[in-house]
Amino acid sequence: MGALEPGYISLYRSGELRRRAKALEARLTSCDICPRECGVNRLQGERGFCHSAHLPIVAAVCAHHGEEPAISGSRGSGTIFFGNCNMRCAYCQNYQISQRWRKHQSREMDFHTLAQRMLYLQDELECHNINFVSPSHFVPQLVRAVLEAVPMGLRLPLVYNCSGYDSTRSLKELDGIIDIYLPDLRYASDKWARRFSQAAGYVKHARAAIREMYRQVGELVLDEAGIARRGLIVRHLVLPNGLAGSRESLTWLAEEVSPAVTVSIMSQYLPAHRASRIPALSRKLWASEYSEVIELVDRLGLENGWLQEMGASDNYLPDFDRQGHPFSSTVANPA
Ligand code: SF4
């Protein structure tokens with residue numbers, strides 16, 4: 393038993409991982425897994441806002457080299473892109489898999505197959521971690537698949553890579569299971585969150601979620617090679633026209649969470665999906681807008697993390713309709 397063994401292994405041994413999976417699955421009968429609390433019975437095939445029933449929808453599985461350096465490292469992050477989403481961002485770069493639920497219904501995957509995919513990422517691609525993208529509506533499914541994968545040999549740290557619209561009750565069930573939380577902090581205004589992402593109460597829910605994540609895993613811990621083992625990284629995508637509320641959100645993070653929290657400030661905004669038809673969102677960032685945010689990060693003393701270069705936008709646009717890897721054509725996709 394190594395000192396760096398992920399927490400879910402001991403939870404598996406004690407039976408707690410199974411108890412958590414069952415407790416979460418019971419909530420699918422009247423779904424309150426995310427803040428929307430739709431109350432539908434997903435075990436009977438009913439679908440709420442996220443258009444997802446019982447089985448997880450897996451849109452792509454690949455080694456991702458475009459995440460933060462501590463997540464992608466040299467061998468890539470073992471990324472599992474879940475289909476559908478509990479938000480509807482007008483500018484979503486992953487809209488092909490997050491908002492085309494009819495097309496992706498056929499990508500439902502049983503838990504054993506999902507566990508096999510994790511082992512493929514670990515043993516064949518030798519990724520540094522398993523990175524669940526858009527997991528907020530599939531928390532019970534994620535835990536069930538990990539429960540299946542542990543006796544098959546899963547040992548990698550788990551990354552929970554979300555938009556921040558999470559239920560703290562669901563997150564508490566992930567305590568000790570998730571090693572690295574990678575949430576977005578998208579808005580400081582519920583008005584913009586509702587208008588551009590259909591996410592009522594986003595600010596309250598995302599801030600409570602980030603506090604809970606920080607309580608669980610604390611500040612980022614790297615191994616000797618600079619790869620993340622545990623901790624919180626908060627992503628903040630700067631939007632044009634100040635719509636992301638960068639000043640308010642980053643001040644909140646520095647003052648109410650910790651100035652030592654690791655942040656990933658992103659300039660890669662593109663008017664993807666429906667955003668080109670929404671005047672306030674229809675352009676890329678100006679360099680002056682981004683520099684203001686960078687200066688703010690400096691003033692707030694947020695010293696830990698990464699600042700994306702301006703001009704990064706074109707490099708990060710995935711194509712989930714492309715055969716193979718959504719970010720390049722070089723790595724085979726077994727999903
Ligand atoms: S996970 Fe889906 S069905 Fe459940 S509350 Fe959220 S949006 Fe509704």
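According to our numbering, the sequence shown is numbered sequentially starting from 393.
Just so it is clear, CB atoms sit at the ideal spot from N, CA and C, and this is done for glycine as well.
For Arg622, the enclosing beta strand (DSSP E) begins and ends at Ala620 to Leu629. Of all C-beta pairs linking the stretch 441-448 to the stretch 525-538, three or more are shorter than 8 Å, placing the two stretches in contact. Within the same chain, Leu420, Thr421, Ser422 and Cys423 come within 8 Å of Asn433 by CB-CB distance, once the 5 residues on both sides are set aside. Out of Glu540, Ala482 and Cys481, the CA that lies nearest to the CA of Asp502 is found in Glu540.
Counting only the Cα atoms, Ala452 lies some 11 Å from Glu500. Under the three-state reduction of DSSP output, Leu574 falls in the strand class.
For the 7 Å CB-CB criterion, Val613 and Leu624 do not form a contact. The stretch 515-527 and the stretch 538-555 touch, with three or more beta-carbon pairs separated by less than 8 Å. The secondary-structure analysis by DSSP pairs Phe524 across a beta bridge with Ile472 and Tyr552. The Cβ atoms of Tyr606 and Val649 lie closer than 7 Å to each other. Proximity of the stretch 468-480 to the stretch 654-661 falls short of the contact definition, fewer than three beta-carbon pairs being nearer than 8 Å. With a threshold of 16 other beta carbon atoms within 10 Å, Asp690 falls short and is exposed. Taking all protein chains shown into account, Met510 has 16 or more neighbouring C-beta atoms within 10 Å of its C-beta and is therefore buried. For Met605, the enclosing alpha helix (DSSP H) has its first and last residue at Tyr594 to Val609. For Gly468, the CB contacts under 6 Å within the same chain, skipping 5 residues up- and downstream, are Ala455, His456, His457 and Cys519 in chain order.
Residue environment for Ser490: buried (at least 16 other C-beta atoms within 10 angstroms of its C-beta).
For Arg428, the CB falls within less than 6 Å of some heavy atom of the ligand SF4.
DSSP lists Val655 as the bridge partner or partners of Gly697.
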